[in-house]
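Take the sequence shown: its position 66, counting from 1, is numbered 446 in the numbering used here, and each next residue is one higher.
Glycine residues also receive a C-beta, built at the ideal position from the N, C-alpha and C atoms.
Remember, it's a predicted structure, so these values are computed and weren't measured experimentally.
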Amino acid sequence: MTLRARLLSLTLSMVAIVALTLIALNLNSLAGTSLDVAIGSSEMAARQIHSVVVRKLASTTPGSLTLAETKALWTRAVAEDGDLAALLEGTMAQSSSIVEINIAGEDSIVLAASNPQRRKTPMVSRQDLHELRDDTPLGRITAIWKGREDYETRLPLGISGQKAPLFTIQVLVAPVLLRAAMLPALWNMAAASSVALALAFVLAYWSARIALRPLARISHLIDDIAGGRVPDVTAGKADEARELAVIESKLSLLGERFRGATKDLEGALARLDAGTRRHIEDQLLMARRLTAINSLTSRVAHEIKNPLNSISLRLEVLRSRVSEEEPDTASEFAILSEEVLRLDRVVRTFLDFNRPVELRLAETDLRELTREMLNFLEPEAAQRGIRILFDDMAGPVAVRADSDLLRQALLNISVNAIEAMGTGGELRMLLERAGDSCVIRIGDTGPGIPREQLDKIFQLYFTTKPKGSGIGLAMTFRAVQLHGGTIEVDSMVGRGTTFLVTLPLAGVS
Ligand SMILES: Nc1ncnc2c1ncn2[C@@H]1O[C@H](COP(=O)(O)OP(=O)(O)OP(=O)(O)O)[C@@H](O)[C@H]1O
Ligand SMILES: [Mg+2]
């Protein structure tokens, strides 16, 4: 999802949540109000009927009847009064939520009703309208929205001194009528919310555009800097936030410096003579090629490691099963195991080789380091009849180096030289300064390296020796690079080979 889409959906969700909460709150208060209105009109209707009935009964009270006779007389009077039935019907018709009004006697049989069919039937009890009003907001909204059962309000009418009422006035309210009363207000609310959402969408889209504009500009600015172009920092700055303007100006400053540095570098390169330039290009090319080869082989090595382990395990299982029955196969298994082990060694050394190196750099005297290394080689060289010549500069030559790594790198070159010469010959070591750098020359009088092999000798695993591993020079190349140096080789078949390692002197950056 793009950043713009995320901003838009976030803003819209927020507005939708606010709108829905407002709708829910409104709906709740709407339901409360319409229930209050319904209760008010039901109670008023019940009281009106109550007073009419009381008036009618007062006019039909004879002087000396027993209580039972009075009740029977009044019950008949209510049941047979045509005006009362018409009053009930009229009162119901005037209200927008009342659907029925009944008057029942002591035995709960309907005596008079707004709906004539109800007469002489038992009065059905419904849930009290007051209980619905006091329900939870969700409860009462669901009841109004989905309810089919009517709700009632009751008003008893009794004879003074008697506990049980003689008549019960029941007013029924239908949820469907409450719903109909609420609907117009609800439509208004839905329309207002839709308008608010549409407005919010437009505003969110607009503000996302404004918010993202500086990011787009910064991205263009970085593109300009990366492409070496002059960034345009004037356009669109006025209407952007101050913080972004600051970032932009810092970026453009960075761009200035970057371009300055690039120009310096270009100038320095232009001042170099053709030979040195070609040399730098060669080194870069070789480093790039080696990196590409190593990363490819590294992936292959990782792929090989696990199957190789499982081959080795299976081989052992197979060997233990077969060798008892077929002892002749032991030598075959030995060869197979040896080959698998060899492959395993190769993969392991390769993965080790490609692991990142942690350099422990310290100011190191190169004269001392090379002298130590030659002392170490002396016995082997003497045994082969090889002379070691060392020509160093006067005074110490300080470089910042990881002395173990650098010693191993120079040792690899020197051991190769001794191995190439076999017996007899000269190993010449020369230390010299060249500007800000120091050059270490290691030459031999061996057979030399054929032209077609010259650009392969630094590749990992390239070897021409039966027992060689082809790691020495690859490791040397990497070590020299890690020290910010370069390595070159000059060889002539039949005459010998000279390696030139150039390292920056300490204190020079
Ligand atoms: N001074 C030299 N004279 C002639 N050939 C050389 C010289 N130095 C290196 N080579 C060639 O470069 C190859 C690679 O050298 P490298 O040191 O990387 O591997 P290696 O010596 O074969 O094996 P190891 O990993 O044991 O050092 C050698 O096999 C050899 O053919
Ligand atoms: Mg070697």
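Which residues share a DSSP beta bridge with residue i?
i	result
D745	A778
N482	A493 and Q550
G823	R808 and T878
Q507	Y531
R767	E806
D784	Bridge partners of D784: none, in fact.
T866	T882
M872	G876
P502	I489
P536	T548
A814	S817
CA-CA distance, residue i and residue j?
i	j	result
L546	L407	40 angstroms
G519	L535	25 angstroms
S717	E646	56 angstroms
M872	T803	19 angstroms
R658	A672	21 angstroms
H430	I549	7 angstroms
V395	I524	27 angstroms
V727	V860	23 angstroms
S505	R386	56 angstroms
T533	V551	5 angstroms
E868	R597	46 angstroms
R813	T882	9 angstroms
K451	L400	57 angstroms
R384	L592	7 angstroms
V639	L810	Reading off the sequence, residue 639 comes out as Arg, not Val. Using only the alpha carbons, I get a separation of about 40 angstroms.
V336	L862	Nothing about residue 336 can be reported from this structure: the residues present for the chain run from 381 to 889 only.
State yes or no: is the C-beta of residue i nearer than 7 angstroms to some heavy atom of ligand 1?
i	result
G826	yes
K685	no
T877	yes
L634	no
I829	yes
F842	yes
A800	yes
N755	no
K643	no
I768	no
K630	no
I627	no
I598	no
I820	no
I837	yes
Just checking: is the beta-carbon of residue i within a distance shorter than 8 angstroms of some beta-carbon in chain D?
i	result
S494	No chain D appears in the structure shown, which is made up of a single protein chain.
Considering only heavy atoms of ligand 2, does any lie closer than 7 angstroms to the CB of residue i?
i	result
T848	In the sequence as presented, Thr is not what sits at residue 848; that position holds Gly. Yes, Cβ of G848 sits closer than 7 angstroms to a heavy atom of ligand 2.
N796	yes
G852	yes
N734	no
N689	no
Heavy atom of ligand 3 less than 7 angstroms from the Cβ of residue i, yes or no?
i	result
I715	Here the bound small molecules are ligand 1 and ligand 2; ligand 3 is not part of this structure.
Determine contact between the segment 396 to 414 and the segment 553 to 570, defined as no fewer than three beta-carbon pairs at a distance below 8 angstroms.
yes
Inter-stretch contact (C-beta, 8 angstroms, three-pair minimum) for the segment 510 to 524 and the segment 439 to 453
Segments in contact, no.
Tell me, please, whether the segment 742 to 754 touches the segment 705 to 725 by the rule of three or more beta-carbon pairs shorter than 8 angstroms.
no
Contact between the segment 813 to 820 and the segment 757 to 770 is defined here as three or more beta-carbon pairs at a separation below 8 angstroms; is this criterion met?
no
Check whether the segment 770 to 783 and the segment 837 to 855 are in contact - that is, three or more C-beta pairs closer than 8 angstroms.
no
Does the segment 460 to 476 come into contact with the segment 419 to 437, if we say contact requires no fewer than three beta-carbon pairs (one atom in each stretch) closer than 8 angstroms?
The segment 460 to 476 vs the segment 419 to 437: in contact.
Cβ pair count under 8 angstroms reaching 3, the segment 493 to 509 against the segment 575 to 587:
no
Can we say the segment 840 to 860 touches the segment 666 to 686, given the rule of at least three CB pairs closer than 8 angstroms?
yes
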